[in-house]
Structures are given as C-alpha cells and as structure tokens.
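Enquirer:
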Amino acid sequence: MSDYTLDSAEGRVEALRRMLTIRSFDETAGERFADGEIPGFVHLYVGEEAVGVGTCAALNDDDYIASTHRGHGHCIAKGLNPKYMMAELYGKADGYCNGKGGSMHIADVDAGMLGANGIVGAGPPMATGAALSIDYQGRDQVAVGFLGDGAVAQGQVHEAVNLASTWNLPAIFVIENNRYGEGTPVEQQHNVDNLSDTAAAHGIPGVTVDGMDVTAVAEAVEEARKRARAGDGPTMIEAETYRYRGHYEGDEQVYRDEDEVERWREQDPIASFKERLIDRGELTEAVFEEMQAEAQATIENALAYAKEADDPHPSEAYEDMFGDSVPEIERFAQQATARTDGGDH
Amino acid sequence: MSDYTLDSAEGRVEALRRMLTIRSFDETAGERFADGEIPGFVHLYVGEEAVGVGTCAALNDDDYIASTHRGHGHCIAKGLNPKYMMAELYGKADGYCNGKGGSMHIADVDAGMLGANGIVGAGPPMATGAALSIDYQGRDQVAVGFLGDGAVAQGQVHEAVNLASTWNLPAIFVIENNRYGEGTPVEQQHNVDNLSDTAAAHGIPGVTVDGMDVTAVAEAVEEARKRARAGDGPTMIEAETYRYRGHYEGDEQVYRDEDEVERWREQDPIASFKERLIDRGELTEAVFEEMQAEAQATIENALAYAKEADDPHPSEAYEDMFGDSVPEIERFAQQATARTDGGDH
Amino acid sequence: MAQAGIEQTETMTVREAIRQALREELDRDDDVYMMGEDIGDMGGVLAVTGDLIDEFGEERVRDTPISEAGFVGAATGAAATGTRPVVEIMFSDFMGVSMEQTMNQMAKMRYMFGGKTEMPVTIRTTEGGGMGAASQHSGTVHAWIAHFPGLKAVSPGTAESAKGLTKAAIRSDDPVFVFENKMIYERQGEVPTDPEFTVPIGEAAVEREGSDVTVLATQRLVGDSLDVAEDLAGGTSVEVIDARSLYPLDTDTIVESVEKTGRLVVADESPLSYGIHAEVATRAMENAFFSLDAPIQRVGTPDTHIPFSPTLEDEVLPDGDDVREAIGRIT
Amino acid sequence: MAQAGIEQTETMTVREAIRQALREELDRDDDVYMMGEDIGDMGGVLAVTGDLIDEFGEERVRDTPISEAGFVGAATGAAATGTRPVVEIMFSDFMGVSMEQTMNQMAKMRYMFGGKTEMPVTIRTTEGGGMGAASQHSGTVHAWIAHFPGLKAVSPGTAESAKGLTKAAIRSDDPVFVFENKMIYERQGEVPTDPEFTVPIGEAAVEREGSDVTVLATQRLVGDSLDVAEDLAGGTSVEVIDARSLYPLDTDTIVESVEKTGRLVVADESPLSYGIHAEVATRAMENAFFSLDAPIQRVGTPDTHIPFSPTLEDEVLPDGDDVREAIGRIT
Ligand SMILES: Cc1ncc(C[n+]2csc(CCOP(=O)(O)OP(=O)(O)O)c2C)c(N)n1
Ligand SMILES: Cc1ncc(C[n+]2csc(CCOP(=O)(O)OP(=O)(O)O)c2C)c(N)n1
Ligand SMILES: [Mg+2]
Ligand SMILES: [Mg+2]
C-alpha cells in the first residue's frame, strides 16, 4: 500500500498535503524559471494535482508509474523528494539524474518512478514493459502509464495498450485530459466524445472520471488495480482536468481566454477537497493553513538546497552512456579530467 | 463510376470475371513460384477475392486505393493489366515497376493504385494522404486504405485513421480479416470481438461484413463512399474472409489444420456468387465455364508475355532514385553503362 | 537553377529568412501547404511559422494532432497524388515516430515504382543543443537522413542559405529534409529579395576564402567558424565552407579547397562516430589523397546524448573553441 | 571477458549458431526471454528460432502482435524493471516503426537518468539483399544504430562470431543490436561448444593474415573476402578482418593491420554515403595517416535501394568481385 490511501482520514489529509506540495513546487519552479534560473523547458501541473495524487494514492509503494513531460506532480505523488527534484531542475550534481535530465526526465526507478518523458505518448509502452516484467516474474505489482489528451493520437500508445490487453498484463493507463495539447484544443486532435472511448479499440474497460476530484480518480485506479491484479488485464481511465498555466512556462496562451481558466479554477482540486475534508470534520481551516505553510517551507528548503548544491563536474558528461566504458567516449572523458586537473579551460 | 457496379447484371458478371481472373492469376503465380521462376516473396489472395472486387466495384475509376503486401487482387479489381503485373513478378523491364518492385510493390499511380506495400499497416496513412490531396484540391474522389487483421495493431494505422477522422477526409479503411497475421491467429493479436470496434477510438462508423460475399462488401463501401463524399468523413469496414493458401508461398502452415481451410472453402466467394447469379438467371453454367476458361487464357497469355519480356538493363538500377541525378549515383550509372557498352562483366 | 537575383538583399534573421521562404512559396504555388504541430495560431514552438496562418488560413497552415507517423505518412500519400506538403517536425528527435513512413514510403516509392511517382514533400525540423532542452529535444540526427538512400538533406548555416534552401526544397520533386539549427534562428545575414532566388541543392558555399586550412562546417558551426577565422586572420588564413547540402554532398567544392589548403577540419554537431565528418573526410581523402598534408580533424559531439545541466551541455557541444583547437593541431 | 573454451568446437551454420546461443542463454538465466513476430510455432520467418518454443514454452518465446513500436517499447520498459528481453525484428527495414522507442527511450534512459537504470535488451534483426525481397525487405541500416549514441551494434560474419556475439549481447547490461545478414544463415563454420564462450563486444577478429592489403569486412562480405583472399593467394597477400562490432569499433586492430599492409579496403553492404566505410576509413587515416600508401577503397551499395529484379539486385549489391576490383585498384 502507498503511504496514503483515501479510505482513512489520515490518508485523505496526506493526499491534500501532497497536492499542496505539488502546487507549491510548481508555482515556485514557474517563478524561478521566469527569473531565468532554470534552463530548458518546464511544464507545470498546477490545476491537475488530483490526477497524480489520486492515482498514486491507490497504488502500492512498489507499483510503477511512467510519467510525461508534465511530471513534477507524478513525482511528488509517488513520494519523491522535492529537494532532489529541485536540484535536478537546477542541473545540479545530486539532482535525481545528477543534472543530466532536468525537468523533463526526472526519474527514480527504485521508487517505481520510471521517468518523466519528453516524448508525447512514450509512457504507455514503458508501463506495458514494466507490467511485462511484473507478469513474467510473478510479482504483486501494477504499472501505470500516464498520458495527455494529445498523446492519445500517438500510435505507440495504441500499440502499447493493445499489447497489454492481448497479453493481459497488469497495466493501467491514465489519460490526463486537460483539454489542450500545447495550443491545440482536444476537439482538433480527436473526434470522440470521451477519450476513454479509445479503450474499445483494445477490448478493455474505459472510464471517464472527474479529474478535479482526487477521490474519484483514486476510486477508478483502485478498481483498475484490483482488476489488473485479478488477472483481468488493463483499464483505461480518462481524468478530465485542466492546466491553469501555459503549456510550458513562457507560453503566451493565445489559444484561450482568461475566463475559461477562471471557470475551471472554480472547481480547483485542492480547494474543493479541502472543503470536503472540513465538512467531514477531518480538517480545520487552521490546520489547512499550517499544511500550506509547511508545503511552502518544504519547497523553500528544496530551493535553497538546489541553489547551493554543486554543479556536476564536466567530465561527468561522459559517464553513464553504457554500463562499461567505450574507447570512443573514454578519450574525451580523460581529456576533460586532465583539463580540470591541470586547472585550465 | 467503375467499369462494373453490382447494381446491374453486367456489372455482377464482370465482378465474377474479375474474381476468376484474380484466382487464376494467383494460382498461376503460386505454381510459378514453386517452380522457382519468381524470386522473393509472394503473398496470394486466393479465397479473399470478394473483398478487393467488392470494394473496387463500389469505387469510381479515379478513386485511389492503397494496398498491402497481398496486393494482386486489389490490382486486378482496380483494373490493372495482368500482363504487366506478371511481368513485374518476373522482374521484367516493362512490368508495372520496370522490375524494381516485384509482387510486393506493384503500383500504377495513374490508375489510382498507390502500390502494394511490404510494410504492414502502411496503406492507411497513404490513403489518408490521398484523401488530403482530394480534399485540398476539392476533387470528387475518395481514397481507400486496405489493411489486414494483423495490421490493426500498427500504430500508424491509428494515427492515420485519427487524422482522417479529425480532418474529416474522404477516406475509407477496409480491414481484410483473414483470421491470421502470418501464423498468428487474430485472437492472439487483439482482444476485441470485431476489429471494426477500432472505429470507436476515432469516432467514425465501423461495420463488419461478410467478406466472402462480394455484394455485402460492395454495399458497405458504397455507403462509405457516399458518406465520404457528403463530407461526413471516413468509415471503417471489416470484411471477414479467409486465405486458402499459406501466408506466403512456401509457408508450411503449422498453425492450422486442413479442416479449417475446408470449412471456409464451403463459403467460397466465387462459387457462392456464381450460384447466386445462376439462381437469378444472370448466368448459366456454360457461360461460367467459358468465363473461367477466358480468365485462364488471360493469365496464360500474361505468363507467356512475362516470360518472354526483356530483363531490365543493369544500369537501370541507378535510375529513379530522384527526379534529377545526383553525382553519388551517377558515377555508378556511368560505370554500368560503360561496362555493357564495352561488353564485359 | 542558378543563383538568380542575388543583387538586391535585405538584412534579416535566419528565422525571418525561413518564414519569408515559406511565404513566397505559399504565394507562388497553390498546391503548396504546410502541416505540423501548433504551427498555426501558436506560430510554431520556435516561432518560425509566426503569423503565416493569418495570411494563408488554416487549410494551408494546418495544425495536426500529435501524430508524426500519421501526418508524415499522409504527406507522403498526398505528395504522390498531386499536392506539395511542407511538414514541420517540431524537434528532430521526434523523427523516430515517423521513421517508418520516411524510410520505407517517402524514400522508396519513386524507386520501387520504377519512377512512376514524384515525391514533392519537404520536411522542416529543428536540431541541436544549447538551450538546456536535454537529451530528447537537442539531438542532431541529420546523418541518418543523409545516409538513407532516396532522401535529400540540407542544413543551412546562414540566413541566405536558409531562405534559398527552403525554397529549393519546396520546389523540388524529391523529398528534402531541411535541418534548422535552433540556436541560429536569431543570427542575421544578408538575404536576396528576388522571389526567384533559390540555393541549388547539392552546392556548398565558400563563405570565406583562405589558404592555410579549410573548415567545412554546418549549421551553427558555420558562424562559429567564421568568427574563429576572423580571429585568426593575420596568423592563419582559414577558408570556411558551409556544406549547405549534406546529400547530395558537394565533393568538388570541398576537394578544390583541400587541394589549395592541404588541411581540413570538419565541424558538425552530429555525434562523431559515423557522423557527417567521416564522409566528408573520406571524400577528401579519396579525391585529394596526395594533397593532404595532415590528418583531417573532426569537431562534433563526442558520442554522448546532450545532457541537461549547462555545465555538461557546454562540455559536449562543439563550438568555436573546438574548431580553433582543431585548426591549431594541424597548422 | 576472454574467449574462454574455444578449444572444443563443432561445425554448424550461422543459423544453428545463433539458435544455440539463444538456447544456452535461455537455459542459463531465467530472466531472459524472447519476443517477436512468429518466432514461436512458426519458428521465425527465416527459421532462426526454430523449435525453441517447444523447449522453453510460450512465456519465454513470445509471439507478439505486429507492433514493433509496442513491443520494442515494452522491451525497453521491461529491461528497466528487472528482466532481460531478447527481441526479434523480422527485417531491419521494420526498425523504422520502433525508432522512437529505440532512439529516445532505449538509447537514452540510462544517461538521462544519471545512470540510475540498466538497459539489458537485445535486438536481433535481419539485413541485406540477395533474395529478391525488394526494397522494403533487403535494407542494411546498421549505420543508423552504430551512429546513434547509447546503442551498441554488432554484425557477425562467421558462425563463431554469430554465436559469441549473440551471447555477449544477451549478457550485456546495455542495449545491443545484433545485425544478422540473411544470406549467411547457411554458411558453416567451427563454433566453440563451451557454454561460457562469448565474443567480447568491441573486438574485431583477424580471420586471415596477410601483408599486402587489409580488407575490413562485415557480415556476408567477410566470407566473400576470405574467398577472394584465397583466390589471390600467391599473388597478393590479403589480410581479412571481420569487424564484428560496429559500435564500439575496434580501432586498434584495424590500425595495426593498416600499419602492416599500408592499404585498406572497407567492404560493408550499407549504402556508401555516410555508411560504415567512411568511419572505418577515417579512423584508419586519423591513426595511421603516414602508413597509408594508397587511397582507402570503399565497397558497398551505391546509394540506391535494393531493387527486385535479380539483374538489378546483382548490379547494386557488393560482392567478392567488387572486393577483388577494389584490391586491384590499390595493389
Ligand atoms: C512525439 C512528440 N511530438 C511532439 C512533441 C511536442 N510536445 C510536447 S508536449 C506536447 C503537447 C502534449 O499534449 P498532451 O498529451 O495533451 O499533454 P499536456 O501537455 O496537455 O499535459 C507536444 C505536442 C513531443 N514532445 N513529442
Ligand atoms: C511493420 C511490419 N512488421 C512485420 C512485417 C512482416 N509481415 C508481413 S505480412 C505479416 C502478416 C500481416 O498480417 P495481416 O495484416 O493480417 O495481413 P495478411 O497477411 O493476413 O493479409 C507480417 C507480420 C511487415 N511486413 N511489416
Ligand atoms: Mg493535454
Ligand atoms: Mg491477416
């Protein structure tokens, strides 16, 4: 079981905490990017927190997830440490990928997080593969592949789902339908009412759930997990959600108006879940504020850590290409080491 | 309109004639292959004639088809000349591809035949592309992409169908479900009741028809054609059929028993259509036998033609790579020409 | 096709030059249209297509679903049936998605069909590291396309060649890949304004004459090499050639230069092993074996992916310093 | 890893040698399993896997749907999570379908993740013309994989190396592509029987010693070159090296030979431009510049696809005659 399940009050509060942590992480990352501190591309999860958290709440700790380019939320939901995540965004030596990956490639295979992925649609084959290992070795796990609404158009998604279905593997596919692929609305990418209709092509159940509601997501994933573990094969879940920020930081968002964003904000997954917990007497406003402050503190610590952490040594650029070293690369590694040993360059 | 439509007696007889021609072509090709006269791979259409003929009967002459590796039937249904087809199988200079393509690549773009294709699943993107040209230039045509049951697992098929659907293009996808992809039964490749269920993933109508019945196929395609021309987008048609011969010539067919083949033969598309035409008084046994003899004669002529036709000149290997010539290839072309001019090698 | 109308020029960036090329060709030929992801209202992720949609509408500047196999395949089918698609693949790293359609259909149809079809399709895509975009958005894969029979590949290094090659690609009846290095979009240059100006595919350009050593460069490294040449002027006289076309490759211009200088550096961002460099070096050797006074030097990415961290990315990416060192090793 | 146990050998074909390698590795390690199209009851289209399914069952010899992107992607995910898949791609021409998973996932994961995963996946695939299979079933695309960072590529020319390289590939924690030329499946050779025998990836083999000219060959052209060497014996003394591993490439063995002979022919079936040849030639030049007595000769496919008609196919495919002519040009 995961650290938090939504069938206990503690679990629900923990889920809320994770959503707060994600939001804090991503808003901070957005600011730091705007200030030019973070290189490359950054895709934020603000508004979509219920999907990642709802999914991971229903998983066991040793289950796998394969993420997308919009992966920070999945990482935190799966229990990764924001310190090393932020260090990775800053390209530091002890980021999750030693600075080699950045936002789009954060991974922690041992924690079951098979990587954010810069390729749209690449998560599902990865999840099918992990489910294959599970099945082959008879382990008691499942593998989840996240994908966006846009990614549903990718052939590799269909191939992966079909393979998982035909081989009856313990995989779950979670579509995060946030209504856009970059600037293109979902209606211009697909001609179906629900993206979960895709499931019909592969003979597996497809459900569409409210992706702004963390419990709705968790319930669907829990059921899918049971099904998978019972040997009944994969499930496709579409979670209807929305991203509040641009596709990536810096996006001018010519394709939508602020009104639309505002309408979705009214269903905010954090605010609405908080209200529900307060209504149920599982949370007070005061405790919530404390949690929020804690989340912010966690991220500020992570940020301070990331900023102060060491850059990788240039020679590390030549490591990790293979399990062993090859002469083609080795000579550059030696030059790089020699250069810094000699102090020049 | 095509040369034959199934709503007239003449059309029906012509359809039967084409089916006979296909069968005769393919049985002859099979024999010639067994005798070592035809190089490479040969995939025969025997048993599946009703699908290609039913489809092309419902098309106009200038409509496009994009075929598969099992393409002879599509060619003859579309009106290609068996002489140049057979010459191509023999690798001769005036085969449809000047001997460069062989069985797997017969094409006649001017006749709307966009090529047999050695890549499983490659026809649908081609058909979507032709439909795009049609749509873009406002022409009154449609484009059909054929694919096998196995090909339904290819991602490019999904991408192509989704694109055609989203762009509302005048395309039709015809799945020839002959129950096997090479030696693997359809059940081990997919987990759906009908392969036409695939249509649901892309928001287009999907129908399954009796692929041993040429009129059933033609009716489905006719309706799909109307739909496409009315601007209502693509349709997916699954035709249930069967191949009598091995996957390719030389296949030992360990994956099925003769009984299964025999059961399908009882629904033979030629025999059953012939019976129907006789019942309707549109054909007599005598006329049928005459037609059969004619078909055989046509193929024998084609064969004689192919055998006597000239081999391409070796220097032709260097032609047709590009619209113009590039120095990298030109120097080999010159060497080849010089070699034969000089008579050596 | 000669370089017509190079008399009148205008200063513009590589990005503007490409957009102008697209605009002119859309204007010239109704059968030409573009497709790609977010090239319409978004104006392209790297802002190359810009406002073309306003001018030409969404039938001619088409946003696609995220399905490179589907739309590259469709472009191939469309090119075989009478229209002239110009496709944008956002990052060349995504070319893997559409490699089947590229290698087996687009590249082979004309040949397999005995010449019975044309294939007037243009693929524009972006390459290269330098913006911290990490390994899946920074690759330089043009050697694949240059190697694969049936495809032409061009790689402009200047604004002029960016415009002229893009136009030549669109006018060609063959599949042409235009590899745009994303770090030079802002680089400025003089660009001919005559709408009939094109750069013939298969011709390199001597961008600077010199007598001591030849640097054959591509893309970003053309500008970097010109800067180095300028720096070294007085000491070492460096001839800088922009390869411009990778396939076909202009052997004659390279050989002529090497016969003059006797020394060659090949600078290209692709991974070193089996990269562009080796082919250029081998052709130089095959055709100017006895003119070569020193081993040919290769400047490229040392067989790694492009890492995210700026420290690491700087380490592996070839740049002017590497060109300078390579020159130093043989002069 | 040394070449252990080469004392005892058995005569077998390349096909048998590969099957034996697969059998031994399936036997040795429960985490190893195979997947591909019709490798089970059908025994593989070119009959390599044969009856392995009878011995190991359908969990370990898995027939897949026709979806190379799906199963290569799945193999990648599986290799990252504790199992060791061995994938067959029926014809290397189909590698385009799975190129995304190959280039962006399989090749990059270890590096992008800072070394936090292994990638023990083996891809076996068939290459080459000669059976009239036409352009979509006859390609030789190994230069793509040899060029792309993060992938290893081997290309056996003999039964011994076919067995030893296949086993080494399966035991490797890196992605290794094994390129099997389909025309040599019937070629026989002596093969070590010790189940611990492997051929280290990255080591070429001098298959025949000589002093006048070196022929560095791959796959089918190894055997063809040996035949030519035998023919020429007495007149010209030809050293024949089987490259065996394309990446990493054994520069030392090549350079040592060239330093001895002063002359080099590179014979490989890939298209000539940007093919294997140029890299080998360039390394020879970089490392033995002053030993070279004549321009290096390339023998390969002259930048065309492989046409169907036997007359045309013969014309473009490199063979022993081409090797002989190339030797003749420089000796
Ligand atoms: C194969 C591929 N094509 C294109 C892209 C560029 N790209 C990155 S994210 C994105 C949009 C993805 O949309 P969606 O799947 O809905 O995910 P979201 O960004 O909305 O979370 C695109 C087109 C890519 N990374 N990979
Ligand atoms: C991409 C690709 N993968 C594999 C093959 C090898 N292959 C050729 S035909 C075939 C079976 C195709 O089955 P199906 O689509 O049902 O067509 P059928 O042969 O039954 O007409 C396979 C696997 C191929 N040609 N292309
Ligand atoms: Mg989206
Ligand atoms: Mg079939």
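Chains as they are written, first to last, in our numbering: chain A, 702 to 1046; chain B, 702 to 1046; chain C, 201 to 531; chain D, 201 to 531. Yeah, the Cβ is synthetic: ideal placement off N, Cα and C, and Gly gets one too.
Between the alpha carbons of H1046 (chain A) and R1040 (chain A), how many angstroms are there, rounded?
Expert: Against the first sequence, residue 1046 (chain A) aligns to sequence position 345. Against the first sequence, residue 1040 (chain A) aligns to sequence position 339. Its pLDDT being 41, under 50, H1046 (chain A) is placed unreliably by the model, and the measurement read from it follows with that caveat. So the two alpha carbons sit approximately 6 Å from each other.
Enquirer: Starting from the beta carbon of T885 (chain B), find every residue of chain D whose beta carbon is closer than 9 Å, and list them in chain order.
Expert: The residue you call residue 885 (chain B) lines up with position 184 of the second sequence. Under the 9 Å cutoff, chain D gives E237, D238, G240, D241, M242, D263, T264, P265 and I266.
Enquirer: Using 8 Å as the limit for Cβ to Cβ distance, is H806 (chain B) near chain D?
Expert: Here residue 806 (chain B) refers to the residue found at position 105 of the second sequence. Yes, its Cβ sits closer than 8 Å to a Cβ of chain D.
Enquirer: If you measure from the CB of V499 (chain D), is any heavy atom of ligand 1 nearer than 7 Å?
Expert: Indexing the fourth sequence from 1 puts residue 499 (chain D) at position 299. No, the Cβ of V499 (chain D) stays beyond 7 Å of every heavy atom of ligand 1.
Enquirer: Between the alpha carbons of I739 (chain A) and G774 (chain A), how many angstroms are there, rounded?
Expert: For the purposes of this step, residue 739 (chain A) is taken as the residue at position 38 of the first sequence. For the purposes of this step, residue 774 (chain A) is taken as the residue at position 73 of the first sequence. So the two alpha carbons sit approximately 18 Å from each other.
Enquirer: Please confirm whether D898 (chain B) has its beta-carbon closer than 8 Å to some beta-carbon of chain E.
Expert: This model lacks chain E altogether; the protein chains it does include are A, B, C and D.
Enquirer: Pull out every residue of the region 859-870 of chain B whose Cβ sits closer than 7 Å to any Cβ of chain A, in chain order.
Expert: H859, E860, N863, S866 and T867
Enquirer: Give the single residue among D:Y385, D:R215, D:A359 and D:A279 whose Cα lies nearest to the Cα of G330 (chain D).
Expert: Here the question's residue 330 (chain D) lines up with position 130 in the fourth sequence. For the residues D:Y385, D:R215, D:A359 and D:A279, the minimum Cα distance to G330 (chain D) belongs to D:Y385.
Enquirer: Closest to D762 (chain A) by C-alpha separation, out of A:V843, A:R944, A:N895 and A:A998, would be which residue?
Expert: For the purposes of this step, residue 762 (chain A) is taken as the residue at position 61 of the first sequence. For the options A:V843, A:R944, A:N895 and A:A998, the alpha carbon positioned closest to that of D762 (chain A) is the one of A:V843.
Enquirer: Using a beta-carbon distance below 8 Å, is G695 (chain B) in contact with chain D?
Expert: Any property of residue 695 (chain B) remains undetermined from this structure, which presents chain B solely from 702 to 1046.
Enquirer: Between which two residues does the alpha helix (DSSP H) harbouring P783 (chain A) extend?
Expert: To locate residue 783 (chain A), count along the first sequence from 1; it is residue 82. Per DSSP, P783 (chain A) belongs to the alpha helix (DSSP H) from P783 to L790.
Enquirer: Can you give the beta carbon distance from I777 (chain A) to I835 (chain A), rounded, assuming they're within the 8 Å contact cut?
Expert: Indexing the first sequence from 1 puts residue 777 (chain A) at position 76. Indexing the first sequence from 1 puts residue 835 (chain A) at position 134. Actually they do not touch by this definition, with Cβ atoms about 24 Å apart.
Enquirer: Nearest-angstrom Cα distance between E513 (chain D) and G328 (chain D)?
Expert: Within the fourth sequence, the letter at position 313 stands for residue 513 (chain D). Within the fourth sequence, the letter at position 128 stands for residue 328 (chain D). Roughly 11 Å separates the two Cα atoms.
Enquirer: Taking N878 (chain A) and T942 (chain A) to be in contact with their CB atoms under 8 Å, please state how far apart those CB atoms are, rounded to whole angstroms.
Expert: The residue you call residue 878 (chain A) lines up with position 177 of the first sequence. The residue you call residue 942 (chain A) lines up with position 241 of the first sequence. Taking a contact as a CB-CB distance under 8 Å, the pair N878 (chain A) and T942 (chain A) counts as one, their CB atoms being some 7 Å apart.
Enquirer: Which partner residues does D514 (chain C) have in the DSSP bridge list?
Expert: The sequence position of residue 514 (chain C) within the third sequence is 314, counting from 1. Note: D514 (chain C) sits in no beta bridge, so no partner.
Enquirer: For the putative contact between P349 (chain C) and M1022 (chain B), defined by C-beta atoms under 8 Å, what is the C-beta separation to the nearest angstrom?
Expert: Taking the first residue of the third sequence as position 1, residue 349 (chain C) is located at position 149. Taking the first residue of the second sequence as position 1, residue 1022 (chain B) is located at position 321. Indeed they touch by this definition, with Cβ atoms about 7 Å apart.
Enquirer: So is Q336 (chain D) in contact with chain C if we call contact Cβ pairs under 8 Å?
Expert: Along the fourth sequence, read from residue 1 onward, the residue named residue 336 (chain D) stands at position 136. True, the Cβ-Cβ gap to chain C drops below 8 Å.
Enquirer: Could you confirm whether any beta carbon from chain C is found closer than 8 Å to the beta carbon of E1047 (chain B)?
Expert: Residue numbering for chain B in the displayed model covers 702 to 1046; residue 1047 (chain B) lies beyond these limits and cannot be assessed.
Enquirer: Mapping DSSP to helix, strand and coil, what is R957 (chain B)?
Expert: Mapped onto the second sequence, residue 957 (chain B) falls at position 256. R957 (chain B) sits in coil when the DSSP states are folded into three classes, being neither helix nor strand.
Enquirer: By the DSSP assignment, the alpha helix (DSSP H) with Y1006 (chain B) in it spans what residues?
Expert: Stepping through the second sequence from its first residue, residue 1006 (chain B) is reached at position 305. Start and end: E986 to E1009.
Enquirer: Do E360 (chain C) and G402 (chain C) count as a contact pair if the criterion is CB distance below 8 Å?
Expert: Along the third sequence, one-based indexing puts residue 402 (chain C) at 202. Along the third sequence, one-based indexing puts residue 360 (chain C) at 160. Result no, Cβ atoms of G402 (chain C) and E360 (chain C) do not sit closer than 8 Å.
Enquirer: Which complete alpha helix (DSSP H) runs does the region 207-253 of chain D hold, if anything under 4 residues is left out?
Expert: 214-228
Enquirer: Nearest to T209 (chain C) by alpha carbon, out of C:I496, C:G364 and C:S445?
Expert: Numbered from its first residue, the third sequence carries residue 209 (chain C) at position 9. Comparing Cα-Cα distances from T209 (chain C) to each of C:I496, C:G364 and C:S445, the minimum goes to C:G364.
Enquirer: Give the secondary structure of G332 (chain D) by DSSP, where H, G and I count as helix, E and B as strand, and everything else as coil.
Expert: Residue numbering aside, residue 332 (chain D) sits at position 132 when the fourth sequence is read from its first letter. Three-state result, G332 (chain D): coil.
Enquirer: Within 8 Å (strictly less), CB to CB, does A730 (chain B) reach chain D?
Expert: Locating residue 730 (chain B) in the second sequence gives position 29, counting from the first residue. No, no contact with chain D.
Enquirer: Secondary structure at N821 (chain A), three-state DSSP: helix, strand or coil?
Expert: Numbered from its first residue, the first sequence carries residue 821 (chain A) at position 120. Sequence check: residue 821 (chain A) is Val here, not Asn. It is coil, neither helix nor strand.
Enquirer: Can you give, in chain order, each stretch of the beta strand (DSSP E) that sits fully within the region 255-338 of chain C and has at least 3 residues?
Expert: 261-263, 284-289 and 322-327
Enquirer: Does any residue of chain A have a CB that is nearer than 8 Å to the CB of D251 (chain D)?
Expert: For the purposes of this step, residue 251 (chain D) is taken as the residue at position 51 of the fourth sequence. No, its Cβ sits nowhere closer than 8 Å to a Cβ of chain A.
Enquirer: If we cut at 8 Å on Cβ distances, does T706 (chain B) have a partner in chain D?
Expert: Against the second sequence, residue 706 (chain B) aligns to sequence position 5. Cβ-Cβ to chain D under 8 Å: no for T706 (chain B).
Enquirer: D664 (chain B) touches chain D at which residues, Cβ-Cβ below 8 Å?
Expert: Because chain B is modelled from 702 through 1046, residue 664 (chain B) falls outside the range shown and cannot be assessed.
Enquirer: Given that V274 (chain D) touches chain A, what residues does it touch there, using C-beta distances under 7 Å?
Expert: As a working mapping, residue 274 (chain D) is identified with position 74 in the fourth sequence. Before going further, note that residue 274 (chain D) is Ala rather than Val in the sequence given. Those are P826, T829, G830, L833, A861 and L864, listed as they occur along chain A.
Enquirer: In the DSSP assignment, find the unbroken beta strand (DSSP E) run with P471 (chain D) in it and report its ends.
Expert: As a working note, residue 471 (chain D) is residue 271 in the fourth sequence. P471 (chain D): member of the beta strand (DSSP E) spanning L464 to P471, first to last residue.
Enquirer: Let me check one thing: in DSSP terms, what residues is N878 (chain A) bridge-paired to?
Expert: Counting from one through the first sequence, the residue named residue 878 (chain A) turns up at place 177. Residue pairing from DSSP places N878 (chain A) in a beta bridge opposite A:E941.
Enquirer: For F294 (chain D), count the other beta carbons within 10 Å of its own beta carbon; 16 or more makes it buried, fewer makes it exposed. Which is it?
Expert: Residue numbering aside, residue 294 (chain D) sits at position 94 when the fourth sequence is read from its first letter. Flag for F294 (chain D) reads buried.
Enquirer: Could you name the residues, in chain order, whose CB is less than 6 Å away from a heavy atom belonging to ligand 3?
Expert: A:G849, A:D850, A:G851, A:N879, A:Y881 and A:G882
Enquirer: Could you work out which residue in C:V287, C:P518, C:F313 and C:V378 is closest to Y797 (chain B) when comparing CA atoms only?
Expert: Residue mapping note: residue 797 (chain B) aligns to position 96 of the second sequence, counting from 1. Taking Y797 (chain B) as reference, the option from C:V287, C:P518, C:F313 and C:V378 with the minimal CA-CA separation is C:F313.
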